[in-house]
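Position one of the sequence shown corresponds to residue 19 (this note's numbering), numbered consecutively onward.
Backbone N, C-alpha and C define an ideal beta-carbon position, used for all residues, glycine too.
Here's the structure, in structure tokens; my notes come after.
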Amino acid sequence: KEMFLFYLGNEQGGSFNHLPRVLPMSISIGTQLHHAVGIGYSIRYQKKDNAVFTFVGDGGTSEGDFSEALNFAGVWKAPVVFTIQNNQYAISVPVNVQTSSVNLAVKSVAFGLPGIKVDGNDFFAMYLAYKTAAEYARSGKGAVLIEAFTYRRGAHTTSDDPSKYRNKEEETLWGLNDPLLRLKRYMEVKGVWNLDEEKLRETYKSQIDAQFVEAEKAKAYPLGDVFDYMYTDMPYELKRQKAEYEQFLSWKENRR
């Protein structure tokens, strides 16, 4: 439900109080990497055997935060597993315009980290990569960079039109490589997928749909909240902006 609230723009969706080891999503691209290495540094300083997992898109690797975070993790051997979800397009910008590097995993070399490029649509390959990376990080050796090579099948946002920068043939080909379909086919061949599992899938889908309905019923918060909860003592400039906003709302209401 919290995830749906987040995508519906409800501020309740930014809190994961029941998941104390999971941080809320960050809209600013790349900033979560700094948070991850900070937590990783704390883990190493306290001599714990935990590891931090953080994720960024292929476009995010062009942000300065990416290089800063990997450099810090390399110097201080922070137990962080960085994952680049390389879905090949940063909105409409293809990877070969983002970088001249042969791949994204190799960027780890500059920071003294091991890098792994994995078929991001292969469930078992990804499991092995994460298992290996987690063991490496928890052993005190430092961070690992994983590039999960995959594909964004849908649009980047509701305002995005993928047909303007890629063709149907490409989309169809990658559709056949869907990780869930591949895993299901494997399970069918091995005889571990049957009609009972299909019924279970439908049950889970119904539960998820019900959570979405609940999220849609949630109370909408007034837009004015974006002013009220930014500072303990609201600065003059923000007070001025809030007054201007309230004046606009009043004008808009009187026009009806």
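Excluding residues up to 5 positions away in sequence, A69, P97, V98, V99, A161 and V162 lie with their Cβ nearer than 7 Å to the Cβ of A155 in the same chain.
CA-to-CA, the gap between Q30 and Q50 works out to about 20 Å. At a Cβ-Cβ threshold of 8 Å, T168 and Q103 count as neighbours.
Excluding residues up to 5 positions away in sequence, I109 lie with their Cβ nearer than 6 Å to the Cβ of H174 in the same chain. In this structure the segment 113 to 130 lies against the segment 82 to 90, because at least three pairs of beta carbons, one per stretch, are closer than 8 Å.
By the beta-carbon neighbour count (other beta carbons within 10 angstroms, threshold 16), V231 is exposed. Setting aside the 5 residues that flank it on each side, A238 is surrounded in the same chain by N28, each with a C-beta closer than 8 Å to its C-beta; the list follows chain order. The alpha-carbon of L146 is positioned some 28 Å away from that of D214. A Cβ-Cβ distance of about 6 Å is found for the pair Y107 and R170, placing them in contact under the 8 Å criterion. Residues Y59 of the same chain have their beta carbon placed closer than 6 Å to that of W94, with the five preceding and five following residues left out of the count. Taken in chain order, the whole alpha helix (DSSP H) runs of length 4 or more contained in the segment 128 to 181 are 141 to 156. Residue environment: T250 is assigned as exposed (fewer than 16 neighbouring CB atoms within 10 Å of its CB, all protein chains considered).
In this structure, DSSP gives T221 a helical state, which the three-state scheme calls helix.
About 16 Å separates the beta carbon of L194 from that of F141, a gap too long to meet the 8 Å contact definition. Distance from the CA of E220 to the CA of M21, rounded to the nearest whole angstrom, comes to 20 Å. Just so you know, the alpha carbons of K159 and R39 end up roughly 22 Å apart.
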